[in-house]
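Numbers 2 to 128, taken from my numbering, label the letters of the sequence shown in order.
Backbone N, C-alpha and C define an ideal beta-carbon position, used for all residues, glycine too.
One structure is given here, and the rest of the page talks about it.
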Amino acid sequence: MSEEIAELQQDSMENQTPEPETPVHKAPAAKNSSSPAKSNNGASLEMLMDVLLLLTVELGRAELTVKQVLDLQKGSVVELDRIAGDAVDVFVNEHLIAKGEVVVVDDKFGVRITELVSPVSEEEATL
């Protein structure tokens, strides 16, 4: 019986078609690098430069009931928790990274960064 199993296994292996190899694309090594570790970090960092991030500027917040939201119409004014002139918060992928002031550039709103927020400061603010 073991001879039959060995024969079946051999037939099975002969009838299998080899899978095509998947091509491997290597990132180019960083130029003028003094160590392999630096070249790997440089190449990895370079690969991330085109990753899109969501930048959000928060002017203020308000808490509304469902009824208040349903009552909103054209011309309604929602009062925010900040006063005019207060710094706005700048978030990248929902993480606070800076504070700034609203400016107008060619008829579009912009933000002038006035303060960078360290990750430690952000964690303390949420406690």
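What does residue i pair with, by DSSP beta-bridge criteria?
i, result
"I114", "G101"
"T57", "F92"
When DSSP labels each residue in this structure, what does residue i get in the three-state scheme?
i, result
"V106", "strand"
"E47", "helix"
"Q69", "helix"
"S77", "coil"
"K32", "Annotation note: pLDDT 48 at K32 (below 50); position unreliable, coordinate value reported separately. Three-state DSSP puts K32 in coil, outside helix and strand."
"V52", "coil"
Use the C-beta contact count for residue i: other C-beta atoms within 10 angstroms, 16 or more gives buried, fewer gives exposed.
i, result
"V121", "exposed"
"V91", "buried"
"V112", "buried"
"H26", "Bear in mind that a pLDDT of 49 at H26, under 50, signals an unreliable position, so the model cannot answer this."
"L97", "buried"
Pop quiz: residue i and residue j are said to be a contact at Cβ under 8 Å. What is the actual Cβ separation, rounded to whole angstroms?
i, j, result
"L60", "V89", "5 Å"
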